Each structure stands twice: as structure tokens, then as C-alpha cells.
Amino acid sequence: DAGVIQSPRHEVTEMGQEVTLRCKPISGHNSLFWYRQTMMRGLELLIYFNNNVPIDDSGMPEDRFSAKMPNASFSTLKIQPSEPRDSAVYFCASSLATDTQYFGPGTRLTVL
Amino acid sequence: AQSVTQLGSHVSVSEGALVLLRCNYSSSVPPYLFWYVQYPNQGLQLLLKYTSAATLVKGINGFEAEFKKSETSFHLTKPSAHMSDAAEYFCAVSDRTGADGLTFGKGTHLIIQP
Chain A
167 DAGVIQSPRH EVTEMGQEVT LRCKPISGHN SLFWYRQTMM RGLELLIYFN
217 NNVPIDDSGM PEDRFSAKMP NASFSTLKIQ PSEPRDSAVY FCASSLATDT
267 QYFGPGTRLT VL
Chain B
97 AQSVTQLGSH VSVSEGALVL LRCNYSSSVP PYLFWYVQYP NQGLQLLLKY
147 TSAATLVKGI NGFEAEFKKS ETSFHLTKPS AHMSDAAEYF CAVSDRTGAD
197 GLTFGKGTHL IIQP
């Protein structure tokens with residue numbers, strides 16, 4: 167299996183621009199998670215989906231952030247408009263039912 | 097609410113020495129506990145997990161951890177450190193394995209001295 171796939175691996179953008187991060191979970195997994203990693207706050211859960219339905223988005227920092235999962239094999243995390251404080255590594259993870267969460271390689275976002 | 101505390105943001109040991117990384121948790125329900133490792137510029141890889149079965153859990157790369165309910169701890173150990181163990185280690189807690197999001201500790205950077 168290819169594992170969790172995230173794109174792009176690196177993104178550099180200017181403040182105010184829209185950013186879209188993409189994730190392809192492991193085939194057959196039915197839960198998908200988005201995390202953010204920063205030096206100051208460490209690893210934080212942003213949102214997670216079960217069977218394509220958002221279950222808990224209490225970690226989404228503000229309305230500028232939105233996430234979708236239109237089907238079982240694709241999810242996006244969008245930031246609009248982006249701000250310098252959004253600079254972080256964003257990880258996607260997937261799992262099957264109550265099994266282990268497998269993490270993707272992450273997207274390193276830099277907002278100038 | 098759940099929380100995880102990892103004591104020591106940096107731990108340095110000599111190659112061949114015992115590795116001990118500390119993790120204490122807080123949970124209102126019986127927890128599921130995890131240790132993940134992160135190598136530079138990579139994602140997180142599961143080392144081991146505790147899911148209410150045996151309290152001593154063995155993982156990959158020679159690591160193991162013991163769940164101690166009375167101490168609310170889940171410390172990670174390895175008898176003999178290798179240079180390749182140098183990485184960032186994260187302890188995490190969930191109230192249901194895999195089904196809910198993980199709450200992570202701040203991480204411990206393990207340094208191996210030659």
C-alpha cells in the first residue's frame with residue numbers, strides 16, 4: 167500500500183492567499199484526521215471524519231479554516247485567507263475503525 | 097478532557113545506554129495510549145500502543161512501555177540505545193483506539209551521544 171498521500175509537500179504563499187492542502191487516505195480506511203504541528207503548540211487535532219462525515223471540528227482555529235471529504239479517498243483542508251501564523255506542518259492521518267492511525271509525510275506551509 | 101505531559105523536551109544518552117522517556121497522562125475514561133516516533137522531515141510512525149490488554153507493551157525497534165494506572169504513566173524504554181534512535185518521540189492518548197483524535201504531548205527529542 168502507498169500509505170497516506172499528502173500534497174503538496176511544501177507550500178509557500180503570501181498572506182491573504184487561499185491555500186488548499188490535499189490528502190488521500192489509505193484505501194479501505196474509514197476515518198481521516200487533520201493535525202497541525204508548530205513549535206509553540208506542538209501537534210494539535212484540527213478535525214476528523216468518520217465515513218466521510220465530520221465528527222469533531224472543535225480544533226479548527228477559526229472560520230478561515232475549512233475541511234471537506236467528498237469521498238472516501240480524498241480530503242482537503244483549505245485556509246482562506248492565509249496568515250503568517252498559519253505557518254506549520256499539516257499532517258493527515260487515516261485509520262480503519264478502531265485501529266492505529268497512520269500518518270502522511272505532512273505538508274510544510276509557509277505564509278509570508 | 098485528556099492531556100499528556102512528557103517530562104524533558106530533550107533527553108541525551110550514550111550509545112548502548114538505557115533510554116527512558118517519560119509520559120504521564122490525564123483521562124476521565126480508561127485511556128488508550130500510544131508512542132509515536134518522528135524522524136526529521138517525516139511523518140509520525142507508531143512505535144507501540146496500549147489498548148487495555150497487557151500492561152507491558154512491546155513495540156518496534158526494541159522499544160517497550162509499561163502502563164501504570166496508579167501512577168498515570170506510560171514511560172517508554174529501550175535497554176540499549178542505537179545512533180539510529182535519534183528522533184522526536186511523542187506520547188499520545190485517546191479514549192478510543194483509532195476512532196477518535198489523538199491528544200499529543202509536546203514531544204521529547206532524543207539525542208544519542210557516540
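Taken in order, these protein sequences are the chains called A and B.
If you're matching positions, the first sequence starts at 167 in this note's numbering and goes up one per residue.
If you're matching positions, the second sequence starts at 97 in this note's numbering and goes up one per residue.
Backbone N, C-alpha and C fix where the C-beta goes; we use that ideal spot for every residue, glycine too.
As the structure is a computational prediction, the values presented were derived from the model and not from experiment.
What's the call for Ile-156/B, buried or exposed, on a 16-neighbour Cβ count within 10 Å? Within the second sequence, numbered from 1, the residue matching residue 156/B stands at position 60. Exposed, by the Cβ-count rule.
Touching by the beta-carbon criterion (3+ pairs, under 8 Å), the region 103–110 of chain B and the region 261–272 of chain A: no
Given Val-185/A, which residues of its chain have a CB within under 8 Å of its CB, disregarding the five upstream and five downstream residues? As a first step, residue 185/A is located in the first sequence; it is residue number 19 there, counting from the start. Glu-177, Thr-179, Lys-244, Ile-245, Gln-246, Ser-248, Asp-252, Leu-275, Val-277, listed in sequence order.
Per-residue contacts from Leu-144/B into chain A (C-beta, under 9 Å): For the purposes of this step, residue 144/B is identified with residue 48 of the second sequence, where counting begins at 1. Ordered by position in chain A, no residue passes the 9 Å Cβ test against Leu-144/B, which lies about 10 Å from the chain.
So with CB distances below 8 Å, who are the chain A contacts of Lys-202/B? Position 106 of the second sequence, counted from the first residue, corresponds to residue 202/B. Simply Gly-208.
Any contact of the region 127–139 of chain B with the region 153–170 of chain B, i.e. 3+ C-beta pairs under 8 Å? yes
Give me the chain A residues within the contact set of Gly-139/B, using Cβ-Cβ distance strictly less than 7 Å, ordered along the chain. Residue 139/B sits at position 43 when you count from the first residue of the second sequence. Per Cβ cutoff of 7 Å: Phe-257, Phe-269, Gly-270, Pro-271, Gly-272.
If I measure Cβ to Cβ from Ala-254/A and keep anything under 7 Å in the same chain, skipping five residues before and after, which residues do I get? Within the first sequence, residue 254/A is the residue found at index 88, counting from 1. Closer than 7 Å at Cβ, skipping near neighbours: Arg-202, Gln-203, Thr-204, Leu-275.
Under 9 Å, CB to CB, which of the residues in the region 166–192 of chain B have a partner in chain A? Phe-186, Ala-188, Ser-190, Arg-192
How many angstroms separate the CA atom of Leu-198/A from the CA atom of Lys-145/B? Within the first sequence, numbered from 1, the residue matching residue 198/A stands at position 32. Within the second sequence, numbered from 1, the residue matching residue 145/B stands at position 49. So the alpha carbons of these two residues sit roughly 19 Å apart.
For Ser-99/B, which option in Phe-186/B, Ala-182/B, Ser-176/B, Ile-208/B has the closest C-alpha, if you only look at C-alpha atoms? Counting from 1 along the second sequence, the entry for residue 99/B is found at position 3. Ranking the options by Cα distance to Ser-99/B, first place goes to Phe-186/B.
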